[in-house]
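>
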Amino acid sequence: GAVVSQHPSWVICKSGTSVKIECRSLDFQATTMFWYRQFPKQSLMLMATSNEGSKATYEQGVEKDKFLINHASLTLSTLTVTSAHPEDSSFYICSEKKASGQETQYFGPGTRLLVL
Amino acid sequence: AQSVAQPEDQVNVAEGNPLTVKCTYSVSGNPYLFWYVQYPNRGLQFLLKYITGDNLVKGSYGFEAEFNKSQTSFHLKKPSALVSDSALYFCAAKAAGNKLTFGGGTRVLVKP
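Chains as they are written, first to last, in my numbering: chain D, 58 to 173; chain X, 6 to 117.
Below, the structure is given as structure tokens:
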């Protein structure tokens, strides 16, 4: 398997503030990282895909200026929720692939965001 | 377009009994198939995958899944369920180079 960590595991913030979530691959280099959003009792919704050193590719309906993704290195990706609002409250999960051509994705433990 | 269906929202089974979680898929070409398990407030844990080879795939924690091309199914099975297997299970599928598509999830409840 592979170990993916996320930080923080949960965060509560006031409406209008920005929140940064980190995703790290601890025992491998991730060429591709994915960010998902999961609403209660629902499946995962892909938000964006990023390759190291390149701009992220956002899914239709996901605002790139609101959900800033930075894939600075092969072991670190960050998702920043800018000017968060209560409707942004959700469970955010990152996922990584080990290398180009590898098909298995490994998931982080998730970050629960609550915007008051 | 890819799609994954998990027809059961919830599966209830007594501890020690066999567990089956159903999954069917629609993928162009040869499919890559995965099962993940999610415990409350946690991310997804990888259980097993089918890429090629034997249709019966063995994974973590005693789980296995059988790839059936004619029925486009990839059902997850465990011969003897444990209470600790109670969780949310996701089937996922993709074609090579495509994004991963998830099913809606099936909640498994194993009763003592």
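Cβ atoms here follow ideal geometry from the backbone N, Cα and C, with glycine treated the same way.
Bear in mind that the values here come from a model prediction, so they are computed numbers and not experimental data.
For a contact defined as C-beta to C-beta under 8 Å, what are the partners of D:E160 on chain X?
Y37, K54, I56, K99 and A101
> Using the Cα positions of X:T25 and X:L81, report the straight-line distance between them to the nearest angstrom.
6 Å
> Does DSSP put X:C32 in a helix, in a strand, or in coil?
Here residue 32 of chain X is Val; the residue named in the question, Cys, does not match the sequence. Correct three-state label for X:V32: coil.
> If you measure from the beta carbon of X:L81 to each beta carbon in chain D, is any gap under 8 Å?
It does not: the Cβ of X:L81 has no partner Cβ on chain D nearer than 8 Å.
> Can you tell me the Cβ-Cβ gap for D:S75 and D:T168, rounded? I've got them flagged as a contact below 8 Å.
Wrong, their Cβ atoms sit about 14 Å apart, outside the cutoff.
> Can you give me the C-alpha to C-alpha distance between X:E20 and X:V115, rounded to a whole angstrom?
6 Å
> What number of angstroms, rounded off, separates the C-alpha of X:G108 from the C-alpha of X:G34?
19 Å
> Verify whether the separation of the beta carbon atoms of D:R222 and D:S147 is less than 8 Å.
Outside the modelled stretch of chain D, which goes from 58 to 173, sits residue 222 of chain D, for which no answer is possible.
> Is DSSP giving X:S78 helix, strand or coil here?
strand
> Could you tell me which whole beta strand (DSSP E) segments of length 3 or greater appear in the stretch 70–140 of chain D?
76–82, 89–95, 101–108, 124–130 and 133–138
> Whose CA, out of D:V61, D:H142, D:Q86 and D:H128, lies closest to the CA of D:K71?
Ranking the options by Cα distance to D:K71, first place goes to D:H142.
> If D:E120 sits next to D:A105, beta carbons under 8 Å apart, how far is it from one beta carbon to the other, in whole angstroms?
Incorrect: roughly 10 Å between the Cβ atoms, too far for contact.
> Between the Cα of X:Q76 and those of X:A101, X:N60 and X:V16, spot the shortest distance and give me the residue it belongs to.
Closest option to X:Q76, Cα to Cα, is X:N60.
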